[in-house]
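A.B. asks: Have a look at this one.
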Amino acid sequence: VHVQNEPVANQKFPSCMWTGEELRDFIKGYLGPELRDNGLDTEIWLGTINAPGCDYKRLIFDKWATEDYDYYANTVLMDGEARKYIAGVSYQWGGKIAIQRTYESWGSEIRLMQSENECGFGDNTWEYARYVWTMLKHYISNGAESYQYWNLVLKPNGVSTWGDPQNAMITVKPDTKEYVLNPDFYVMKHFSNIVRDGAVRLGLEGNFAADTVGFQNPDGSYAFVLFNPFTEVFSVELEVEGEVRLFSLPPGSINSIVIEV
Numbered sequence: 014v015h016v017q018n019e020p021v022a023n024q025k026f027p028s029c030m031w032t033g034e035e036l037r038d039f040i041k042g043y044l045g046p047e048l049r050d051n052g053l054d055t056e057i058w059l060g061t062i063n064a065p066g067c068d069y070k071r072l073i074f075d076k077w078a079t080e081d082y083d084y085y086a087n088t089v090l091m092d093g094e095a096r097k098y099i100a101g102v103s104y105q106w107g108g109k110i111a112i113q114r115t116y117e118s119w120g121s122e123i124r125l126m127q128s129e130n131e132c133g134f135g136d137n138t139w140e141y142a143r144y145v146w147t148m149l150k151h152y153i154s155n156g157a158e159s160y161q162y163w164n165l166v167l168k169p170n171g172v173s174t175w176g177d178p179q180n181a182m183i184t185v186k187p188d189t190k191e192y193v194l195n196p197d198f199y200v201m202k203h204f205s206n207i208v209r210d211g212a213v214r215l216g217l218e219g220n221f222a223a224d225t226v227g228f229q230n231p232d233g234s235y236a237f238v239l240f241n242p243f244t245e246v247f248s249v250e251l252e253v254e255g256e257v258r259l260f261s262l263p264p265g266s267i268n269s270i271v272i273e274v
């Protein structure tokens, strides 16, 4: 159970705004005890937190000052009674700003999840797909154990029920049944195609670490996803278990590499 979708957003769809103190008191005073007393093993997740709120064109300072990590996750998790009921914290949209501090403070003590991909503008561009890559990298590098993509499939010019055009991994034409694999599909494939269930994320060093995510799979192989943000071919060296390998990354490309040792 994620207690409230986007507690700092008054939306066109069903919504309810909460402060961190209200979430804390609801979890420890009602929801947690109610599930416990009824013998349910349902997990309670603090989320889906979209704080600090943004207008997504510029960050609003007063939102930053009153809705950041300290005012939501930290307020709830530092309360021992509330903390004992919470399995994890889920973040989306503006929550990308708070997840790093949550991970720094709680590490392996608390599970983290990215609960909704930022769904774009319906034009399914490679430019936006590269932004999705940066979000994947950011959340995974800051402890998120899962990344929820929104949307899997839409018709052309797909629009939400509240009127917002949105991206999708796949576009399907209802009349002809034709489909198109959009750029976001390939971003997700770079990860899902080489990173196996049970893989462990690696700590990386070097000047290209900010554009690389690395994992070791259960079979011992190493999986890397790299983004070349430049307009020219860029050469990258990967050193694994003392052996250095050189790779050339095409301009503006996302690349997946598996190294077996």
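Residue numbers (the numbering used here): 14 to 274. Cβ coordinates follow ideal geometry from the N, Cα and C atoms, glycine included.
#1: How big is the Cα-Cα spacing for Y162 and N130?
#2: How big is the Cα-Cα spacing for G93 and P46?
#3: Out of K97, G101 and G107, point me to the one whose CA is closest to D81's CA.
#4: Taking a contact to mean a Cβ-Cβ separation below 9 Å, would you say K109 touches Y43 in this structure?
#5: In whole angstroms, give me the CA-to-CA distance for S261 and N268.
#6: What does DSSP give as the partner residue(s) for H15 in the beta ladder?
#7: Taking G120 as the reference, give the member of G156, N241, A22 and P178 with the closest Cα.
#8: Say whether chain B places a C-beta atom closer than 9 Å to the C-beta of M126.
#9: Which term fits Y69, buried or exposed, when burial requires 16 or more other beta carbons within 10 angstroms of its beta carbon?
#10: Pick out whichever of K168, S173, M201 and V172 has its Cα sitting closest to the Cα of T189.
#11: Quick one: what's got a C-beta closer than 6 Å to Y85's C-beta in the same chain, skipping five residues either side?
#12: Kindly indicate the opening and closing residues of the beta strand (DSSP E) around E131.
C.D. replies: Short version:
#1: 5 Å
#2: 14 Å
#3: G107
#4: no
#5: 10 Å
#6: W58
#7: G156
#8: Among the chains of the structure shown, chain B does not appear; only one protein chain is present.
#9: Bear in mind that the predicted position of Y69 carries a pLDDT of just 48, short of 50, making it unreliable; the figure below should be weighed with that in mind. Exposed.
#10: K168
#11: G33, I62 and A64
#12: Taken as a continuous stretch (DSSP letters only), E131 belongs to no beta strand (DSSP E), as it is neither H nor E.
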